[in-house]
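Enquirer:
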Ligand SMILES: C[S@@+](CC[C@H](N)C(=O)[O-])C[C@H]1O[C@@H](n2cnc3c(N)ncnc32)[C@H](O)[C@@H]1O
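Residue numbers (our numbering): 65 to 293.
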């Protein structure tokens with residue numbers, strides 16, 4: 065698929081896919097969206113609600129994409145006494161040349177962690193790699209529209225569901241996929257997505273999650289969060 069790097073309203077880049085007429089992030093602000101949906105309403109929320117300091121957290125992400133969610137989670141995790149195992153799924157990885165053009169490290173930390181950001185892209189697929197002593201990344205090239213074929217030897221505490229929009233990729237928003245994700249969720253798991261569609265909320269409910277509608281980032285009224293209760 066052809067890719068075009070464009071700048072969103074908060075100054076951060078995203079990728080536009082002409083074939084799908086779809087962006088990897090909100091055009092209102094890629095970093096802003098990722099920080100709101102996945103870091104604030106997901107990662108920080110999950111850690112804040114723990115009664116005891118959480119030492120290990122397993123994250124499952126559907127859609128590695130530009131690596132922005134991984135990068136922001138890695139930087140945020142340094143502020144918490146936590147070890148992260150991050151399993152990210154992607155069927156169509158971007159190239160290293162594309163990753164080099166993305167301005168995330170420049171905007172987030174003045175390029176201090178640019179090599180760390182690029183490492184997220186250059187590390188091999190299908191292999192758990194310690195990016196830092198407290199952050200392990202397992203990237204898998206896998207077609208998640210065939211969820212029954214996905215195997216994991218662990219349960220996940222946090223799920224970032226970041227597929228392309230349901231109108232663009234309906235085969236990534238099915239009851240079968242959400243049932244599979246529920247079966248991979250630990251007893252305290254939290255699921256977040258930028259999507260707020262009623263049909264998605266109902267499928268997640270049917271899978272077993274207790275669902276909440278939350279205020280979205282600028283330009284988006286609501287997002288969804290699910291919890292295992
Ligand atoms: C909204 S983007 C993900 C954005 C990403 N989380 C980030 O931080 O940049 C959706 C991603 O899902 C990937 N994708 C599309 N079809 C897929 C499939 N069948 N299985 C797994 N990933 C898929 C796309 O290649 C794209 O990278």
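Ideal Cβ positions, reconstructed from N, Cα and C, are used throughout, including at glycine. As the structure is a computational prediction, the values presented were derived from the model and not from experiment.
Per DSSP, what kind of secondary structure is residue 287 in: helix, strand or coil?
Expert: Residue 287: strand per DSSP, three-state reduction.
Enquirer: Which residues bound the alpha helix (DSSP H) around residue 159?
Expert: Neither: residue 159 is in no alpha helix (DSSP H) and is coded neither H nor E.
Enquirer: Taking contact to mean 3 or more Cβ pairs, one atom from each stretch, closer than 8 Å, check whether the segment 252-260 and the segment 219-230 are in contact.
Expert: The answer is yes - the segment 219-230 touches the segment 252-260, with three or more Cβ pairs under 8 Å.
Enquirer: Is it buried or exposed, residue 224, if we count other Cβ atoms within 10 angstroms and call 16 or more buried?
Expert: The residue in question, residue 224, is buried, as its Cβ has 16 or more Cβ neighbours within 10 Å.
Enquirer: Please indicate yes or no: does the CB of residue 294 lie closer than 7 Å to some heavy atom of ligand 1?
Expert: What is shown of the chain runs 65 to 293, which leaves residue 294 out entirely.
Enquirer: Going by CA-CA distance only, name the one from 241, 98, 120 and 77 that's closest to residue 198.
Expert: Comparing Cα-Cα distances from residue 198 to each of 241, 98, 120 and 77, the minimum goes to 120.
Enquirer: State yes or no: is the C-beta of residue 126 within less than 8 Å of the C-beta of residue 226?
Expert: Yes; because the gap between Cβ atoms is below 8 Å, this pair is in contact.
Enquirer: Within 10 Å of its beta-carbon, does residue 172 have 16 or more other beta-carbons around it, so buried, or fewer, so exposed?
Expert: That one is buried.
Enquirer: My output table needs one value for residue 134: the three-state DSSP class, helix, strand or coil.
Expert: Helix.
Enquirer: With residue 284 and residue 76 assumed to form a contact (beta carbons below 8 Å), what rounded beta-carbon distance in angstroms separates them?
Expert: Incorrect: roughly 16 Å between the Cβ atoms, too far for contact.
Enquirer: Taking C-alpha atoms, which residue in 155, 135 and 103 lies nearest to residue 257?
Expert: It is 103 whose Cα lies nearest to the Cα of residue 257.
Enquirer: Return helix, strand or coil for residue 65, following the three-state DSSP convention.
Expert: Coil at residue 65, not helix or strand.
Enquirer: Exposed or buried, residue 155, counting other C-beta atoms within 10 Å across all chains shown (16 or more means buried)?
Expert: Answer is exposed; the Cβ neighbour count stays below 16.
Enquirer: Can you name the start and end residues of the alpha helix (DSSP H) that residue 266 belongs to?
Expert: 262-271 is the extent of the alpha helix (DSSP H) around residue 266.
Enquirer: Please confirm whether residue 186 and residue 192 have their CB atoms less than 8 Å apart.
Expert: Against a cut-off of 8 Å, the Cβ pair of residue 192 and residue 186 comes out as no contact.
Enquirer: State buried or exposed for residue 165, treating a residue as buried only when at least 16 other CB atoms are found within 10 Å of its CB.
Expert: The residue in question, residue 165, is exposed, as its Cβ has fewer than 16 Cβ neighbours within 10 Å.
Enquirer: Report all residues from its chain with a CB closer than 6 Å to the CB of residue 72; omit the five preceding and five following residues, and keep chain order.
Expert: Hits under 6 Å: 78, 91, 93 and 94.
Enquirer: From the DSSP secondary-structure annotation, give me the bridge partner or partners of residue 192.
Expert: Looking at the DSSP assignment, residue 192 forms a beta bridge with 202.
Enquirer: Considering only heavy atoms of ligand 1, does any lie closer than 7 Å to the CB of residue 208?
Expert: Under cutoff, so the answer is yes.
Enquirer: Measure the alpha-carbon distance for residue 136 versus residue 96 and round it to whole angstroms.
Expert: For residue 136 and residue 96, the distance between alpha carbons rounds to 11 Å.
Enquirer: Can we count residue 257 as close to ligand 1, meaning its CB is less than 7 Å from some heavy atom?
Expert: Flag unset: Cβ of residue 257 not near ligand 1.
Enquirer: Throw me the rounded Cβ distance for the residue 265 and residue 288 pair, which I believe falls under 8 Å.
Expert: Correct: roughly 6 Å between the Cβ atoms.
Enquirer: Which stretch, first to last residue, makes up the alpha helix (DSSP H) that contains residue 243?
Expert: Per DSSP, residue 243 belongs to the alpha helix (DSSP H) from 239-247.
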